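Going down the list, the protein sequences come from chains A and B.
The opening position of the first sequence corresponds to residue -11 in my numbering, with each subsequent residue numbered one higher.
The opening position of the second sequence corresponds to residue 2 in my numbering, with each subsequent residue numbered one higher.
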Amino acid sequence: MDLLLDFGRGPLFRLAIALAILGLIRQFALTFYGMAEALHHTSDRTLPWWDMTRRTFAWLLPLGTLWRSKPVYSLLSFLFHIGLLVVPLTLAAHIGLWERSSGLAWWPALPQPLADRLTLLVLVAGPLLFLARLLIRHMRQLSRLQDFLWPLLLTVPFLSGYLCANASLSATAYRSWMLVHVYSADLILVLIPFTKIAHCVLLPLSQYAGGIAWKFPKGAGAKVVATLRKKESWV
Amino acid sequence: MRRITREEREKAFAYPKKPEVIEKQKLPVRYHVEEGLEVEGRPRRFLEAMAAVLKHTNYHFILDHYARIGAKCSRCSVACQIYQATGDSRDIPCMRSELLLSVYRRHFTVGGLLKGRIAGGEGLTDEEVQRMADSFWDCTACRRCTFECPMGIDHGLVTHLGRYILSEIGIAPRALVVSTREQLTGKTRNTSAIPLPALADTLEFLEEEMAETKGVEVKFPVDVEGADYLFIAPVSDYMMEAETLMGIACVMHATGASWTIGTGDYDAINYGLFYSDHALEEILKMMEAEVKRLGVNVILIGECCHASLSANYFYNTFADHKLPVINILEYTHDALKAGKLKIDPDIIDQSVTYHDPCNIARPGWIIEQPREILRAFCRDYREMTPNGRDNYCCGGGGGTVSIDEIRPYRTIVGGKRKADQVRRTGAHYLVAPCANCKKQFREIFEDNGLDCELVGLHDLLYKAIILSPDGVAWRDPAGMEMEA
């Protein structure tokens, strides 16, 4: 078990986080390149840059806009995100982990009581979000497999981490829960760039991408007709 | 707002097509599609068309982005008036976009390809193509959903692209295709097939009318080379919205601007915006040819929101030389602010409310201007809520208004929310400065038993604007009172 634990916290963790970061950089770069290429192909580049920037920031911290529709779901999701983002990055135990792996550890740690409360927030919000998807008809019909699994999967490292930090466990129990914690976190890291969680880097680009997408290249229509080997446009 | 009842649902979704046509075309959609539709190998041809479109246009990166980023939170459903009326989860904007995005993921990404190989599955089926043909034309492309999506997905763009790909395999509403074909290749070169002599007759008649009611000679200049403004109206106005045109002519007369109508292109309507980027470009190139022929400096579009958006947003993409494109509401507003319009504030004493057409209001382009104009001379002006950028679509957007066979759907489902809004204001006049909205509203009023008069903004202005030196705005024409 100790071997598995050391592997999960050491080489596997480094691999998982490398895949996550490189994968996210790749997604960002591909979308960014796509935007630049599209802008290059169109001949009219006037865009409402200020409006798109304003909307980007409005959605990154959606304090004003989120409550317009589905306020309960939006609040749950918002609180879930706060726990998800703050705890893994600022927990004292994790800072130790980064330092052992990479030598980096310059940021301050979260006070443990606050970390505990945020973890409980995630433990409550996650299953509630899952239940919302399961029980509300139109949300159930809209959701794919990953939409059901993600709220559950994300709660696993938080549950196991909370138990390791706070419950009085025997040495074996502690190591078992730590194993669950480490491997579920590694799994999540690896899956990030390949699923909708990639929105963590893609979201800032959305408004710009959407605006650029409406700028069409000249002559594309005729080229499509020619490629499809039609004698004349069906139009 | 209540959902539609079962009775309303049956009426709205009844099939106007003969069963043998549906059988032959294997296309159970409610809009008529042209004869000679190829049915064999439709999924393959859809994918080929999609590949060709993605290769030559800019859509590839945005489809990839949207396919990855969707959270499936269904916040968009709250904003969509179609979903609110039907309660059918297929009308959730994200669900509709997923129809096309899932095809993209499965057939155009490495992950999708691998998953297909490993998990099996036949890929795109004919049923899925039929479902897309149905769903993309249930949407009015009003883009209200874009305000609620936390991931910034523009479902209107996905609908737009879905319709474009479908049109490349022959699936598009016949009403739009036939009109566009007449506009691009027909003799009359406009969507209503109005020949030039008929246009000339109409303009002459309207000039006589204005001379009587305004007491001044107001002309429609035609083919004036070197004029500042090229005025292009939606051509249906020449048949159906005489008062709008006369109101516009009076405004131009009051400002003393140098303007002209062009006989080479007097139709601003651009159905290409609704179903084919190719047609969109070709129609705008026709406009460019007319601009070059007459040597004008500004393109002035009449009261039509999709025509204004097509020209304002896309003319400079497709033309060789960039030109400013404005909507008549902007022009009239500027004239009002500059003090060039003398208006009698006592003529319009009934209550007035205003509908924001989606294509000019959603981008935040024209919201305050028409309100300032109306408040200048309408004593009882009332707002609908929500309005401005948040307005509800009339229910006939995205070209659906021109598809007569789906009128029950439009007036029962699409227009339901709007009918309730108008009823609540209790206004006598509803001002809707868009040719498509006007048609939709008249049908909504008929089908929903609403007692409200539908007018364009310049219709009201036409009654109240003072052009003659004696300060009289309106003289009753000899014989009849002009019907609004």
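Using N, Cα and C, we set each Cβ at its ideal position, and we do this for glycine too.
Being a predicted model, the structure only gives us computed values, none of them experimental.
* Rank A/Val212, A/Ala210, A/Phe204 by C-alpha distance to the C-alpha of A/Ser31 and give the top, closest one. => A/Phe204
* Asked: If you drop the 5 nearest sequence neighbours on each side, which residues of the same chain put their C-beta closer than 6 Å to that of B/Lys464?
  -> Ile348, Trp475
* Asked: Rounded to a whole number of angstroms, what is the C-alpha to C-alpha distance between B/His71 and B/Lys341?
  -> The amino acid occupying residue 71 of chain B in the given sequence is Gly; His does not appear at that position. For B/Gly71 and B/Lys341, the distance between alpha carbons rounds to 51 Å.
* **Nonlocal neighbours in the same chain, by C-beta distance under 6 Å from B/Asp345, ignoring five residues either side** => Ala465, Ile467, Ala474
* Would you kindly check if the distance between the Cβ of B/Val423 and the Cβ of B/Leu451 is under 8 Å? => yes
* To do: Starting from B/Ser78, find everything on chain C with Cβ-Cβ shorter than 8 Å and list it in chain order.
  => Note that chain C does not occur in the displayed structure, where the protein chains are A and B.
* **Cβ-Cβ distance between B/Thr192 and B/Tyr276 below 8 Å** => no
* Looking only at its own chain, which residues have a Cβ that is under 7 Å from the Cβ of B/Gly113, when we skip the five neighbours before and after it? -> Arg106, Arg107
* If you measure from the beta carbon of B/His66 to each beta carbon in chain A, is any gap under 8 Å? -> yes
* Since A/Thr19 contacts A/Ala197 with CB under 8 Å, what's their CB separation in whole angstroms? -> 6 Å
* Cβ-heavy atom distance between B/Val236 and the ligand ATP below 7 Å? -> The ligand ATP is absent from the structure shown, which contains no ligand whatsoever.
* **Beta carbon proximity, B/Asn317 to chain A, threshold 8 Å** => yes
* To do: Mind reading off the beta-carbon distance from B/His47 to B/Ile166? Whole number of angstroms is fine, and I expect it under 8 Å.
  => Checking the sequence shown, residue 47 of chain B turns out to be Phe, not His. At roughly 7 Å, the Cβ-Cβ gap stays under 8 Å, so B/Phe47 and B/Ile166 are in contact.
* To do: Please check the pair A/Leu224 and A/Ala4, which I expect to be a contact at CB under 8 Å, by giving their CB distance rounded to whole angstroms.
  => Any property of residue 224 of chain A remains undetermined from this structure, which presents chain A solely from -11 to 223.
* Which bits of chain A does B/Leu158 rub up against, with CB to CB less than 8 Å? -> Gly198, Ala201, Trp202
* To do: Spatial neighbours of B/Val292 within its chain, please: CB distance less than 7 Å, with the 5 preceding and 5 following residues excluded, ordered by chain position.
  => Leu231, Ile300, Leu324
* Asked: Which stretch, first to last residue, makes up the beta strand (DSSP E) that contains B/Leu231?
  -> 230 to 233
* To do: Give the straight-line distance between the Cα atoms of B/Ala485 and B/Val297, rounded to the nearest whole angstrom.
  => In this predicted model, B/Ala485 has a pLDDT of only 48, less than 50, meaning its place in the structure is not dependable; the value taken from the coordinates is given anyway. Taking the straight line from one Cα to the other gives about 33 Å.
* Contact check, B/Gly389 vs B/Asn437 under 8 Å by CB: the rounded distance? -> The Cβ separation is near 19 Å, so there is no contact.
* What three-state label does DSSP hand B/Val159 in the structure shown? -> helix
* Asked: Who are the neighbours of B/Cys95 on chain A, taking C-beta pairs under 7 Å?
  -> Leu130
* contact_flag[the region 72 to 83 of chain B, the region 91 to 103 of chain B] where n(CB pairs < 8 Å) is 3 or more -> yes
* **Residue from B/Leu28, B/Pro17, B/Asn59 whose Cα sits closest to the Cα of A/Leu22** => In the sequence as displayed, the identity of residue 22 of chain A is Gly instead of Leu. Looking at the Cα atoms, B/Asn59 is the closest of the given residues.
* Asked: So which of B/Val159, B/Gly121, B/Pro29, B/Ser136 has the shortest CA-CA distance to B/Asp65?
  -> B/Val159
* Asked: Which residues mark the beginning and the end of the alpha helix (DSSP H) in which A/Asp39 is found?
  -> 37 to 48
* Distance, B/Gly227 Cα to B/Arg294 Cα -> 9 Å
* To do: Just grab the DSSP bridge partners of A/Trp55 for me.
  => Its beta-bridge partners do not exist; DSSP assigns none.
* To do: Would you mind telling me which residues of chain A sit closer than 7 Å to B/Val54, beta carbon to beta carbon, in chain order?
  => Val212
* Runs of beta strand (DSSP E) lying entirely within the region 53 to 118 of chain A, each at least 3 residues, in chain order -> none
* Please classify B/Ile445: is it buried, with 16 or more other beta-carbons within 10 angstroms of its beta-carbon, or exposed? => buried
* Distance between B/Ile368 and A/Leu79 (C-alpha atoms, nearest Å) -> 50 Å
* Beta-carbon contacts of A/Arg14 that lie in its chain and below 8 Å, excluding the five residues immediately before and after -> Pro181
* A/Asp135 touches chain B at which residues, Cβ-Cβ below 7 Å? -> Lys73
* Below 8 Å CB to CB, which residues in the same chain sit around B/Arg408 once its five sequence neighbours on both sides are set aside? => Glu444, Asp448
* Burial state of B/Val111, where buried means 16 or more other Cβ atoms lie within 10 Å -> exposed
* Asked: Are any of the Cβ atoms in chain A nearer than 8 Å to that of B/Asn59?
  -> yes
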